[in-house]
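Participant:
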Amino acid sequence: RKEVEQDPGPFNVPEGATVAFNCTYSNSASQSFFWYRQDCRKEPKLLMSVYSSGNEDGRFTAQLNRASQYISLLIRDSKLSDSATYLCVALNAGNNRKLIWGLGTSLGVNP
Amino acid sequence: DVKVTQSSRYLVKRTGEKVFLECVQDMDHENMFWYRQDPGLGLRLIYFSYDVKMKEKGDIPEGYSVSREKKERFSLILESASTNQTSMYLCASSLSLEQYFGPGTRLTVT
Chain S
2 RKEVEQDPGP FNVPEGATVA FNCTYSNSAS QSFFWYRQDC RKEPKLLMSV YSSGNEDGRF
62 TAQLNRASQY ISLLIRDSKL SDSATYLCVA LNAGNNRKLI WGLGTSLGVN P
Chain F
863 DVKVTQSSRY LVKRTGEKVF LECVQDMDHE NMFWYRQDPG LGLRLIYFSY DVKMKEKGDI
923 PEGYSVSREK KERFSLILES ASTNQTSMYL CASSLSLEQY FGPGTRLTVT
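Sequence order for the protein chains is S and F. Throughout the first sequence, residue numbering follows this note's numbering, covering 2 to 112 in sequence. Throughout the second sequence, residue numbering follows this note's numbering, covering 863 to 972 in sequence.
Right, dumping it as structure tokens:
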């Protein structure tokens, strides 16, 4: 079982829709999580950090459910520019600086 | 803004060549990382460094070495390039937990 698992998608939604992705992690001791976005053939860019129960930044909301060991990312009012791959990342509980990367969820927002 | 730069965006090398990939960050970050990213395999950690002249192996260090002589610079070396090292190479730096990436080097070994 992968340490961080994501549905690869693709998720195709119309502009203005609300879309949510889930990500599950296997190490219950993991304390910190991140969402990165990666555009095609570009580097990953930090979208949000999730240290406690959740975080909100404009149209983006991340929630952490420790009991069920998953993190979610909600995008409201989707824009064409939100089309990207979203990477879920967990901090390795055994090493404070090593990140465990999911394979990503692909999102396409259509006009 | 954090700025991480990598020496080349695209590189083509021949099998057996020694390859140097350079990464420079301008934010005085302690930690630097080298990853490779391949379709279906995601980001895999090759080496990382928490301080000057310090290095630790990541998940896939075989065939690679690194050098960190100055805080801002972290170099990845392919001792003898092979075709299975064709990949996108990404450098990252961090002060605490969040990592910031350079634009990547797409390396092709023929």
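Heads up, the beta-carbon is just placed ideally off N, CA and C, and yes, glycines get one too. From a predicted model like this one, the values you see are computed outputs, not experimental measurements.
1) Residues of chain S with CB under 8 Å from F857(F), in chain order?
2) Against chain F, with Cβ distances strictly below 8 Å, would L104(S) count as a contact?
3) Can you pull the chain S neighbours of G925(F), defined as C-beta to C-beta under 7 Å?
4) By Cβ distance below 8 Å, which residues in the same chain neighbour F963(F) in space, the five residues on each side in sequence not counted?
5) Taking the C-alpha atoms as reference points, what is the distance between A63(S) and F22(S)?
6) Any beta carbon of chain S sitting closer than 8 Å to that of E879(F)?
7) May I ask you to list, following chain order, the residues of the region 16-37 of chain S that have a beta carbon less than 7 Å from some beta carbon of chain F?
8) Locate the beta strand (DSSP E) running through P45(S), then write down its first and last residues.
9) Under 8 Å between C-beta atoms, does L92(S) make it to chain F?
10) Let me know if S956(F) comes out buried or exposed under the rule of 16 or more other beta-carbons within 10 Å of its beta-carbon.
11) Any residues in the region 50-83 of chain S with a beta carbon nearer than 8 Å to a beta carbon of chain F? Which ones, in chain order?
12) For E924(F), which of K915(F), S937(F), A943(F) and R930(F) has the nearest alpha-carbon?
13) Which ranges does the beta strand (DSSP E) cover as unbroken runs of at least 3 residues, wholly within the region 29-95 of chain S, from first to last along the chain?
14) I'd like the span of the beta strand (DSSP E) that includes R930(F), first residue to last.
15) Could you tell me which chain F residues have their CB closer than 7 Å to the CB of G100(S), listed as they occur along the chain?
16) Could you check whether the region 911-928 of chain F touches the region 868-884 of chain F, counting it as contact only if at least three pairs of C-beta atoms, one from each stretch, sit closer than 8 Å?
17) Could you give the distance in angstroms between the alpha-carbon of Y87(S) and the alpha-carbon of G878(F)?
18) Note down the Cα distance separating E16(S) from A85(S), rounded to an integer number of angstroms.
19) Quick test of the definition: if touching needs 3 or more C-beta pairs under 8 Å, does the region 88-95 of chain S touch the region 4-14 of chain S?
20) Starting from the C-beta of I871(F), find all residues in its chain whose C-beta is less than 8 Å away, skip the five residues before and the five after it, and write them out in chain order.
21) With 8 Å as the threshold, decide whether the Cβ of L883(F) is near any Cβ in chain S.
22) List the residues of chain S that L938(F) touches, going by C-beta distances under 8 Å, in chain order.
Facilitator: So, from the listed chains and residues:
1) The requested residue 857(F) does not occur in the structure, where chain F is confined to residues 863 to 972.
2) For the purposes of this step, residue 104(S) is taken as the residue at position 103 of the first sequence. So yes, L104(S) belongs to the interface.
3) Residue numbering aside, residue 925(F) sits at position 63 when the second sequence is read from its first letter. Near G925(F) there are no residues of chain S at all, since even the closest Cβ is about 20 Å away, more than 7 Å.
4) Numbered from 1 along the second sequence, position 101 holds the residue referred to as residue 963(F). The residues are V866, L952, C953 and A954.
5) For this step, residue 63(S) is matched to residue 62 along the first sequence. For this step, residue 22(S) is matched to residue 21 along the first sequence. Computed Cα separation, rounded: 10 Å.
6) Here the question's residue 879(F) lines up with position 17 in the second sequence. No, E879(F) lies away from the interface with chain S (no Cβ there is under 8 Å from its Cβ).
7) S33 and F35
8) Locating residue 45(S) in the first sequence gives position 44, counting from the first residue. From DSSP, the beta strand (DSSP E) with P45(S) extends over P45 to V51.
9) For this step, residue 92(S) is matched to residue 91 along the first sequence. Yes, its Cβ sits closer than 8 Å to a Cβ of chain F.
10) Position 94 of the second sequence, counted from the start, is the residue given in the question as residue 956(F). By the neighbour-count rule (16 or more Cβ atoms within 10 Å), S956(F) is buried.
11) Those would be S50, in chain order.
12) The residue given as residue 924(F) occupies position 62 in the second sequence. For E924(F), the nearest C-alpha among the options comes from A943(F).
13) Complete beta strand (DSSP E) runs here, min 3: 34-39, 45-51, 55-58, 61-66, 71-76 and 85-92.
14) One-based indexing of the second sequence puts residue 930(F) at position 68. Looking at the DSSP string, the run of the beta strand (DSSP E) that includes R930(F) is Y926 to K932.
15) Within the first sequence, the letter at position 99 stands for residue 100(S). Gly is not the amino acid found at residue 100(S); the sequence shown has Leu there. Here the neighbours are Q961.
16) Counting Cβ pairs under 8 Å, fewer than three are found: no touch.
17) Here residue 87(S) corresponds to residue number 86 of the first sequence, with the count starting at 1. Here residue 878(F) corresponds to residue number 16 of the second sequence, with the count starting at 1. The alpha-carbon atoms of Y87(S) and G878(F) are separated by roughly 36 Å.
18) Taking the first sequence and counting its residues from 1, one reaches residue 16(S) at position 15. Taking the first sequence and counting its residues from 1, one reaches residue 85(S) at position 84. Rounded to the nearest angstrom, the two C-alpha atoms are 14 Å apart.
19) Yes: at least three Cβ pairs fall under 8 Å.
20) By one-based count along the second sequence, residue 871(F) stands at place 9. The sequence given here has Arg at residue 871(F), not Ile. Correct list, in chain order: P965, G966, T967 and R968.
21) Within the second sequence, numbered from 1, the residue matching residue 883(F) stands at position 21. No, because no Cβ of chain S sits closer than 8 Å to the Cβ of L883(F).
22) Here residue 938(F) refers to the residue found at position 76 of the second sequence. Neighbours of L938(F) on chain S: none; closest Cβ ~15 Å, over 8 Å.
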